[in-house]
Each structure stands twice: as C-alpha cells, then as structure tokens.
Amino acid sequence: MTEVVAVIDYGMGNLHSAGKALEKVANGQQILITGDADQIRAADRVVFPGVGAIRDCIAVLRETGLDQAILDVIAAGKPLLGICVGMQALMARSEENNGVDCLGVFDGEVTFFGEMQDDTGSKLKVPHMGWNQVQQGMAHPMWAGIANNARFYFVHSYCVTGLADEEVAGYCDYGRRFAAAATRNNVFAVQFHPEKSADAGLTLLENFLRWQP
Amino acid sequence: MGLAKRIIPCLDVDDGRVVKGVQFVDIRDAGDPVEVAKRYNDAGADEITFLDITASHEGRDTTLHTVEQIASQVFIPLTVGGGVRTLEDIRNLLNAGADKVGINSAAVHNPEFVREAAERFGSQCIVVAIDAKKVSAESEPNRWEIFTHGGRKPTGLDAVQWAKRMTDYGAGEILLTSMDRDGTKNGFDIALTRAISDAVPVPVIASGGVGNLQHLVDGVIQGGADAVLAASIFHFGEYSVEEAKRFMQSSGIEMRL
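Listed in order, the protein sequences are those of chains Z and F.
Sequence positions in the first sequence follow the numbering used here and run 1 to 213.
Sequence positions in the second sequence follow the numbering used here and run 1001 to 1257.
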C-alpha cells in the first residue's frame, strides 16, 4: 500500500514549499496536505510545519483539535517532523506573545534572541535570517548523507533552549548556542527550513521519508 | 563559524521574461525566469529575488504562475516584490510559493499596510524595499530621501528615519536600493548602506550599483550589509555566483560554499 505522508495544514501560511520539496524527494509516498485530524492520525508519517506567531499557532491547533492529533501520532510511534514554529510548538512554553503554553512534548523553552552583540561588538540582527551551520549533536538516521556543520536556512526570532543534552540532535550558534534540532524516539524537530535549504535540506527530508524509528 | 552573508541574484521580470534595466530605462533580456532561477540555485545562490515589473493586470496571473513554477523546482528562499498593494496580493504570492514579499511604494502611500501585513503574515515574510537617493549637497552631512516611481518622484521622507519606522511596523528585512547607483556599476552607496544598517535591528540587503566582486565585499564589510543583491553581473555571465562567494570568503566574509 502507498505510504501516506501528511503535512499538517492549520491555515498558518505557506505549505506549498514543504509539500513540493517532499514531493521532489518522495519515493512512491503520497504527500497529503491536510487539516483533517483523522487523516493525520491515519497517515504513516507526519510533517508539522509552522510560520508566524506562536500564540496564533497554538490557538488554532487547540481550536481544531489538531493538538491532540499530533500527540496521538507521537504516541502511536509514527515518525513526526516538526519544522520552525512546528518545532517550537512541541516545547513546554514560549515567551513569545507574553508567554504561551505549548504542546509540552519536550521540556524546552522558546526564548527571544534579544539584544546581543557579535565578537566585534556590533549588534546582531534579529530575525536570525540566512544560512547557518548545524553542528550535529549525535549520530542519527536523519543526518545520513549530511556533513557535520552543513548550512541550513533559518528565519526566526525565538529559539529553543533548555533541552536535555540527549535530546539535542543539532546545535546552532547565533549570539548564543541553541537547539537547531531536537529529537526523542519517533519525533525529530528542526528550527531551520529543510524545504528551503537546497541539497542539505532535501537530503534531510528524504531521510525523514525513510526513517524507521 | 556562524551565519553566512548572502548573495541574492535579482530577476526583474516583465510579463514572464527576465529583464534588467540600466537606471530603469535601458532594458535587456536575459531569459526565462524558471530557467534562470534553477541555474542560480545550482550555482549556489543563497536566495532569489524576483521583482515583478509587469504593468498590466493580466500579467499578474502570469507572475503567480511563474512564482509557482519556480517554487516547485527551486528549494531556496524566494522573495517576490513589485506591485504589492493589498493583503490579498501578499496572500496570493505566499500561496503561489513565495517565502517573502517585498513592499515598496504601497508602504509609502500607506505605512499602516506594512503593520497589517506583518501582523497577518508574520514579520519573517515582509521585506520593505526602499529606493533612496542622496539629496544633500557635498558640503552638507549625508541625507537620503525616499523616491518612488523608479526614482523619479521624491517623497520628502528621510531614508534612515523611514527604515527605522518600517522595522517598528514589523518589516523583517530591508531591501535597500541606491537610486544614484542602480545600473551604474560603480558600487553600492556605502555610506547609505552603513547608515541604514546601523539604524535598524533587522537584516539589510544592499542593492544598486554592483559592477565587480570587490563591490560585494565593500557592501558587507564597509556597508554592514547582511546580504548583497545583484543582477546584471550575474545575468550576463561576467561573474558566477560561486566565483563571487569564493572572492568574498577570501576577503574574510563567512559564506555558504
């Protein structure tokens, strides 16, 4: 039977890129962009993308019941990939929008980059926008074929900190060290945009479609 | 090790074809936008900017179709600007596959539009494009003003103040074009780039005037730009993106290679 990869559509922006990039690397899998909780539960793998403000994101997830669908997918042991705000939403809490409780899959905190300076004393620009290096925190099937310190495309003003070391699959430095990738069991989440990260990103998505946690 | 500076080839697109104006008047043709975008992706471009200069309403659908085509085949960030006036324009472009949308004259006519756009779609996808021209005399302190209509119409707005205001309203990035330098190949207006870059908390893309690779280096090191945008030096094969990146790296700038 054809494997189904659901990309969660909760009305928070552009899913075209994630869908197209997954189609590009799919090997027979059907890529299904959907906001239907039952379709998401029935899928073999789930991609949880996200852009925009965390408060709106979490509010929509709770209203639509998609928060529970995500937790069910995780509990069922199916591979789930969180992207950008999708990663942040899996944490315990975000300080964006005066503090928002998130889904609590990980115990991490989402914090603002804030006013920081680089080595030369000039102010770091926020959002952290562009191609930065990801130092792999562990060997993982999701990193197959991707060089340590490969560059991925980031665009975000808040970042994940406070995870246990064994949950940090990749680190990034921008004024501070933060989690560029988090993992536990069948969940993998990335702060960068694999669908916008050229070959390294496509390889990561391809790895996700093959991943057997 | 850290965040790389970006090289962004810019495609000026009119009715589905890539063109590049010299001082916005003399236009030459450099091909099909989808092919050009793919070529730049393969060559290691960090992003692509697509400036839609199509005048006609019907041409807008061609634009959305072109954006869709590019976004299905090119997996690096894509910014689309030109003629963006309404929240619906933005929604259509994002749905077609643009990652960021550039707002230019609509911001001048209605600054609140930028605030609404950032609130609705998030700052990360709102780029405010600024066309600035030096208005101070040689003996005076530098002053630049915002111009619209391809650099013909002054607005009385101070460029530095305007850039700050736009980021207060939620712009996530500033695309800064020197109208004095655009098309001249004499290099970026470094003082302008530095003034804006120091004034705003968000990344600044320097644009207008690139004629050689040293100009790209100067834009970053002297101007403080986070990214550099160029068109004709790449479109006509004078330099490859990879060559530009290697040159910048050899000048001490961190690049994605």
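Backbone N, C-alpha and C define an ideal beta-carbon position, used for all residues, glycine too.
Predicted, not measured: the structure shown is a model, and the values here were computed from it.
- DSSP, read as helix, strand or coil, puts F/His1065 in helix.
- In this structure, the beta-carbon distance from F/Glu1145 to F/Ala1129 does not fall below 9 Å.
- Nearest CB-CB separation between F/Arg1194 and chain Z: not below the 9 Å threshold.
- Residue range Ile54 to Thr64 is occupied by the alpha helix (DSSP H) that includes Z/Ile54.
- In the structure shown, F/Val1074 adopts coil according to DSSP, grouped into three states.
- Taken atom to atom, the span from the alpha-carbon of Z/Asp199 to that of Z/Asp165 is near 27 Å.
- Between Z/Arg93 and Z/Val110, the CB-CB gap stays under 9 Å.
- Taking CB atoms only, F/Ala1244 has no neighbour in chain Z less than 9 Å away.
- Excluding residues up to 5 positions away in sequence, Thr1193, Arg1194, Ser1197, Asp1198 and Val1204 lie with their Cβ nearer than 8 Å to the Cβ of F/Gly1224 in the same chain.
- At a cut-off of 3 residues, the continuous stretches assigned as beta strand (DSSP E) that sit fully inside the stretch 1140–1174 of chain F are 1144–1148 and 1153–1158.
- Taking 8 Å as the Cβ-Cβ cut-off, the stretch 1211–1233 of chain F approaches chain Z at Gly1224, Asp1226 and Ala1227, given in chain order.
- Annotation: the stretch 111–145 of chain Z contains the following complete segments of the beta strand (DSSP E) (minimum length 3 residues), in chain order: 128–136.
- Within its own chain, the residues whose Cβ lies closer than 8 Å to the Cβ of Z/Ala37, once the five positions on either side in sequence are excluded, are Thr64, Gly65, Leu66, Gln68 and Ala69, listed in chain order.
- Taking C-alpha positions only, F/Ala1098 is separated from Z/Ala182 by approximately 27 Å.
- Counting only Cβ-Cβ distances below 8 Å, Z/Trp143 has no contacts in chain F at all, with the closest Cβ about 17 Å away.
- When C-beta atoms of the stretch 71–80 of chain Z are compared with those of the stretch 16–36 of chain Z, fewer than three pairs fall below 8 Å, so the two segments do not count as touching.
- In this model, F/Val1067 and F/Gly1083 are separated by some 14 Å (Cα to Cα).
- Between Z/Met87 and chain F, the shortest Cβ-Cβ separation is not below 9 Å.
- The DSSP-derived three-state label of F/Ile1253 is coil.
- Three or more beta-carbon pairs separated by less than 8 Å link the stretch 1233–1243 of chain F to the stretch 1202–1221 of chain F, which places the two stretches in contact.
- Rounded to the nearest whole angstrom, the CA to CA distance from Z/Pro213 to Z/Trp143 is 13 Å.
- Under the 10 Å beta carbon count, Z/Met116 is surrounded by fewer than 16 other beta carbons and is classified as exposed.
- Z/Val155 is positioned such that its CB atom lies closer than 9 Å to that of Z/Cys84.
- Not a single C-beta of chain Z is nearer than 9 Å to the C-beta of F/Asn1092.
- Taking the C-beta atoms as reference points, F/Ala1230 is found nearer than 9 Å to F/Ala1244.
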